[in-house]
Amino acid sequence: MIEIKNLVKRYGDLVALDHLNLEVSEGEVFGLLGPNGCGKTTAISCLLALLKYDKGEITIFGKEMHPDSYDMKRKTGIVPQEVAVFEELTVAENIDYFCGLYVKDKAQRKECVEQAIDFVGLENHRKMRPKQLSGGLLRRLNIACGIAHKPELIILDEPTVAVDPQSRNHILEGIQRLNKEGATIIYTSHYMEEVEQICTRIAILDHGRNIASGTKEELKRMIKTGERITIEGVALDREHLQQIRELPHVFQIDYKNQKIVICCSSAKQNLMRVLHYLQENEISFGKIFSEMPTLNDVFLEITGKELRD
Amino acid sequence: MLQLIKYRFLSMLRDKTTMFWSLVFPLILCTLFYVTFGNIDNNLECIDTAVVVRSESQEAEAFQSFLSMIEESADDLIKTKEMTGQKAKDLLEDGKVYGIYYVDDEPELLVAGTGVEESVLQSLLESYQGGQEIVQEVSKERPEKMPELVKHMSSSAMQAVYVKEASLGGRETDGMIQYFFSLIAMTCMFGCFLGVVASMKIQANIYAVGARRCLGATSKLKLIFSDFVLICAINFVDILVLLGYMSGILKIDLGGDIGKILTISFMGCIIGVSMGMLVGSVGKWREGTKIAIMLAISLGSSFLSGLMLGGIKGLIEAYCPIINRINPASLISDAFYCITIYEDASRYTRDIVSIAVWAAVFLIGSFLMVRRVRYDSI
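Chains A and B supply the protein sequences, listed in that same order.
Mapping to the numbering used here: the first sequence position 50 is 1422, numbers consecutive.
Mapping to the numbering used here: the second sequence position 178 is 347, numbers consecutive.
So this is what it looks like as structure tokens:
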């Protein structure tokens, strides 16, 4: 559905997009994950023909998007990072206005507006103005304005920034519902938990480049870390640390302040082996837990730095 | 498109700041103008004056004749009544007379205040004293010429000039009216602020809501045109309110054909709004820059049309007339002059056509700047 090839965008000397390549298939929830400033919003703006770019090709629905490609715009919905509503209009009026940019038929538009209000859960706030809404409700209004016309492609640019947990869950559930109803979703965020939760395929961006893409399982398989075991309140000497490092499938350990983090490659029984070692050597410990790798681990291994959350 | 206009109308109507500057501020300014200039040319009421005769000498009689002639010839300027000194003082204290003339060898005046009426009485006395010998001579040698002499002296006292104003083909009117014309022109030009803001709300690099509207499936031409129509209508209603306030409440006689006044006002709205939309459409300028430019243009053009300095428009016409041909505020105020004073149909038509042409140029320029635009940065 969407293809981006070798996209380059410069702001003076700063290369915001550095030969970016992306592909989004119809029907998927495609996540664009990366730290702040990695080029997610710039990529979206170029995709939507809002920004000029220096090099590359972009196609949506098989065609290149132009500022006057109204047929393609009719099939696209955008939820921008910044809340984009009229301060002087009420919730219902805002949704009706923006839906009216796409849907001309009055009866059809009325139905779309009611469904959008229902979808985001703003029935009790329809006569309120944006200033009267909390941050979470405002984000919901922002979403409603972008999806009221039932587009085939929905682009959400960091829709949960500064949003309370309840609204965040509501938004994420809503996105999954939209996808089930047939929309293709592009979801950009720097919160890996959200992307892991709802996205079927993910691309990780850093400094304007696509450094890795695939399903979350594919991405995690790209890295060494298969399991991470953390033990707190444990006193270990150099010999113990060396022996733990030599355990099968352990490739990295980090010990500080009586807390050890053991990175193991993907294998069964990693935790059991570590517990067995501690028992044999009569080493007491406080808390122990095991985690599967996260997208942050993927980012960390590939770039050497954390996703700046 | 009606649906777009409806919500944009609600949005603008609820914007209190914009409504204040476009509707309330001109009314306040109009009121201030009226308070400052409104009654400045009104005729004085007849000045009640007491006359106390202290002497029956020839000089005293000459002065008394002078006063009588003034009363008869100078159209209700003063009304004298002879009385005793004490009674005259009592009336002066009660405010029933403005002054007391003491008819004597050397006439004197006693007043209780410093208003316009008292100043007129003083001026009459001074003009008599300045021409005292002439008055005495004429009254002795050529008494039949006394009325003419008195009339001359009384008009000098009223600060009349030795030239007579005559219209070149139209009507005479209140000289202060140009300020009100300029105020109407300025209010038309204030539509430019509505135009600037409306234009910026279609630009993705200034407002987030502009980005959303850019990405809508409605053409920029429709968005711009619907906003333009709406803002012109709002601005025109503001002008109607102002005109109604001027003529209905302040009773200012603007003169002229009401249809033509409304036509000029409407054209003024169009040019103000379209100019604002043009400036607002320049993509590279930031919001603050556009507002500052618009402020400078609207106030500058209003100043050059004579809003702050009465004679500036004439000065420009004498030394650089091209400015008056392109300054929207001057075109508007000149059109008002044409229908109320000059009765010059061809000049009026020229002004209207110029306004229409400039408005079309601004609007087309605005559309060409925003259509198919992609930004360097957002």
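Glycine included, every Cβ here is placed at the ideal spot set by N, Cα and C.
According to DSSP, simplified to helix, strand and coil, what is His1391 (chain A)? strand
Taking Gln1641 (chain A) as the reference, which of A:Gln1480, A:Val1622, A:Gly1507 has the closest Cα? A:Val1622
Measure the alpha-carbon distance for Ala329 (chain B) versus Gly424 (chain B) and round it to whole angstroms. The predicted model places Ala329 (chain B) with a pLDDT of 43, which falls under 50 and marks its position as unreliable; any figure quoted below should be read in that light. Approximately 25 Å, taken between the alpha carbons.
Excluding the five sequence neighbours on either side, which residues of its own chain have a C-beta within less than 6 Å of the C-beta of Val365 (chain B), listed in chain order? Gly445, Val448, Gly449, Lys459, Met463
Excluding the five sequence neighbours on either side, which residues of its own chain have a C-beta within less than 7 Å of the C-beta of Ser471 (chain B), listed in chain order? Ser351, Ala354, Met355, Met358, Ala498
What whole-angstrom Cβ distance do Ile421 (chain B) and Met415 (chain B) have, given they're in contact under 8 Å? 5 Å
In chain order, each beta strand (DSSP E) run of at least 3 residues that lies wholly inside the stretch 216-271 of chain B: 216-222, 247-251
Starting from Tyr1442 (chain A), find everything on chain B with Cβ-Cβ shorter than 8 Å and list it in chain order. Ala386, Thr387, Ser388
Is the CB of His1438 (chain A) under 8 Å away from at least one CB in chain B? yes
Comparing the C-beta of Phe1661 (chain A) with each C-beta of chain D, is any distance below 8 Å? As a matter of chain content, chain D is missing from the structure shown, whose protein chains are A and B.
Could you tell me which chain B residues have their CB closer than 9 Å to the CB of Tyr1383 (chain A), listed as they occur along the chain? Asp545, Ser546
Going along chain A, which residues have a C-beta under 7 Å from Arg183 (chain B)? Glu1460
Which residues mark the beginning and the end of the beta strand (DSSP E) in which Thr1556 (chain A) is found? 1556-1561
Check whether the Cβ of Leu173 (chain B) lies closer than 8 Å to any Cβ atom in chain A. yes
Determine the direct distance from the alpha carbon of Arg1512 (chain A) to that of His1579 (chain A), and round the result to whole angstroms. 30 Å
Under a three-way DSSP split, which group does Ser441 (chain B) fall into? For the sequence presented, residue 441 (chain B) should be read as Gly rather than Ser. Note: Gly441 (chain B) maps to helix in three-state DSSP.
Kindly identify the DSSP beta-bridge partner or partners of Tyr1627 (chain A). A:Ile1632
Does the distance from the C-beta atom of Thr218 (chain B) to that of Lys265 (chain B) stay below 8 Å? no
Can you check DSSP and say which residues form a bridge with Lys1427 (chain A)? A:Val1380
Can you find a CB in chain A that lies within less than 8 Å of the CB of Leu399 (chain B)? no
Using the C-alpha atoms, what's the distance from Gly268 (chain B) back to Ser234 (chain B)? 18 Å
With 16 as the cutoff for other CB atoms within 10 Å, does Leu537 (chain B) come out buried or exposed? exposed
Presumed contact (8 Å Cβ cut-off) between Ile433 (chain B) and Ile485 (chain B), rounded CB distance: About 20 Å; that fails the 8 Å criterion.
8 Å contact criterion, which Lys1447 (chain A) and Leu1525 (chain A) should meet: CB distance rounded: 6 Å
Count the C-beta pairs between the stretch 1425-1439 of chain A and the stretch 1465-1473 of chain A that are closer than 8 Å, then say yes if the count reaches three, no if not. no
Cβ of Ser180 (chain B) less than 8 Å from any chain A Cβ? yes
Straight-line gap, Phe394 (chain B) to Gly441 (chain B) (C-alpha atoms, nearest Å): 15 Å
Under the three-state DSSP convention, the category Val1451 (chain A) falls into: strand
Any C-beta of chain A within less than 9 Å: which residues of the stretch 364-386 of chain B qualify? Lys370, Ala373, Asn374, Tyr376, Ala377, Val378, Gly379, Ala380, Arg381, Arg382, Cys383, Leu384, Gly385, Ala386
Could you confirm whether any beta carbon from chain A is found closer than 8 Å to the beta carbon of Val542 (chain B)? yes
Taking 8 Å as the threshold (beta carbon to beta carbon), is Trp190 (chain B) in contact with chain A? no
Under 8 Å by beta carbon: chain B residues contacting Val1633 (chain A): In chain order: nothing, as chain B lies at least about 41 Å away.
From the DSSP output, read off the bridge partner residues of Ala1584 (chain A). A:Ile1576
Since Ile1416 (chain A) and Glu1395 (chain A) are thought to touch, with beta carbons under 8 Å apart, how far apart are those beta carbons, to the nearest angstrom? Their Cβ separation, rounded to whole angstroms, is 15 Å, which puts Ile1416 (chain A) and Glu1395 (chain A) out of contact at 8 Å.
Of the residues A:His1521, A:Met1500, A:Ile1655, the one placed nearest Glu1611 (chain A), counting alpha carbons only: A:Ile1655
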